[in-house]
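In the UniProt record's numbering, the protein residues as written are 1 to 125.
A quick write-up on the structure given underneath.
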Amino acid sequence: MLCSGYGANTGAFSAFYRGSGEELEKAATELLESLKILEEQGLGDKKFFGGESINLVDISYGALGYWFAALEEAKGVKVLEPRTLPRLHGWAKNFVELPVVKENIPAYDKMLAYATDSMKMLARN
1 MLCSGYGANT GAFSAFYRGS GEELEKAATE LLESLKILEE QGLGDKKFFG
51 GESINLVDIS YGALGYWFAA LEEAKGVKVL EPRTLPRLHG WAKNFVELPV
101 VKENIPAYDK MLAYATDSMK MLARN
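Set out below in C-alpha cells:
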C-alpha cells in the first residue's frame, strides 16, 4: 500500500530526512525502491496519475515535485533522478509546471533554506 506521499516506506523517508552517512544511503536506497513501485504501479505511462489531468493522487504526491528536490539538495543525495525514475521524474516536472501549482508553491530557495535549517536543528537535538 502506498501512503503518506512518499511510498509505503515512511520509515525510510524519516531516516532520509534525519539520517547521515550509512543510514542516509540505506534510506535513499529504500526510498528508491518504494518510488519505483509508485512509478510502475501507480503512474504507469500516464502524464499524471489522473491521466491527462491531475487528480487527488497527483496533489497528494505533489511534494515530490518540489519539496523533495529541496530536501535532496540539502542532504546532498539524489533519489528522484531521470535515469532511475524517468516517468516519475517527468511527472514531477509536469506537475510543478502547472499554472495552479506554480502560482501556489513557495520559492525554491525558501524551501531549501527551511530544509537545511530544520536538519541542523534535528542534528542539535
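Positions of the beta carbon are idealized from the N, C-alpha and C atoms, including for glycine.
All values reported here derive from a predicted model rather than from experimental measurement.
Please name the residue, chosen from the options, that lies closest to residue i on a Cα-to-Cα basis.
{"i": "residue 117", "options": "55, 30, 17", "result": "17"}
{"i": "residue 78", "options": "28, 67, 65", "result": "28"}
{"i": "residue 104", "options": "67, 50, 124, 40", "result": "67"}
{"i": "residue 83", "options": "43, 32, 115", "result": "32"}
Identify the continuous alpha helix (DSSP H) that holds residue i and give its terminal residues.
{"i": "residue 117", "result": "108-124"}
Contact check, residue i vs residue j under 8 Å by CB: the rounded distance?
{"i": "residue 58", "j": "residue 13", "result": "Not really, about 19 Å apart at Cβ, beyond 8 Å."}
{"i": "residue 85", "j": "residue 35", "result": "6 Å"}
{"i": "residue 80", "j": "residue 43", "result": "Going by Cβ atoms, the distance from residue 80 to residue 43 rounds to 12 Å, so no, they are not a contact pair."}
{"i": "residue 15", "j": "residue 23", "result": "6 Å"}
{"i": "residue 121", "j": "residue 74", "result": "Not really, about 12 Å apart at Cβ, beyond 8 Å."}
{"i": "residue 50", "j": "residue 92", "result": "Contact flag wrong, Cβ pair sits at about 15 Å."}
{"i": "residue 54", "j": "residue 98", "result": "7 Å"}
{"i": "residue 100", "j": "residue 62", "result": "That pair is no contact at about 11 Å."}
Label residue i either buried or exposed according to how many other C-beta atoms from any shown protein chain fall within 10 Å of its C-beta, with 16 as the threshold for buried.
{"i": "residue 30", "result": "buried"}
{"i": "residue 111", "result": "buried"}
{"i": "residue 39", "result": "buried"}
{"i": "residue 123", "result": "exposed"}
{"i": "residue 69", "result": "buried"}
{"i": "residue 76", "result": "exposed"}
{"i": "residue 150", "result": "Any answer about residue 150 is impossible in this case: the structure gives the chain only from 1 up to 125."}
{"i": "residue 107", "result": "exposed"}
{"i": "residue 113", "result": "exposed"}
{"i": "residue 11", "result": "exposed"}
Examine chain B for any beta-carbon lying closer than 8 Å to the beta-carbon of residue i, and answer yes or no.
{"i": "residue 50", "result": "This model lacks chain B altogether; it includes just one protein chain."}
task = Please go through the UniProt domain "GST C-terminal" (1-118) and give each complete alpha helix (DSSP H) segment of 4 or more residues, from N-terminal end onward.
result = For the alpha helix (DSSP H) assignment, the uninterrupted runs of no fewer than 4 residues enclosed by the UniProt domain "GST C-terminal" (1-118) are, from N- to C-terminal side, 10-18, 21-37, 56-60, 63-75, 86-97, 99-102.
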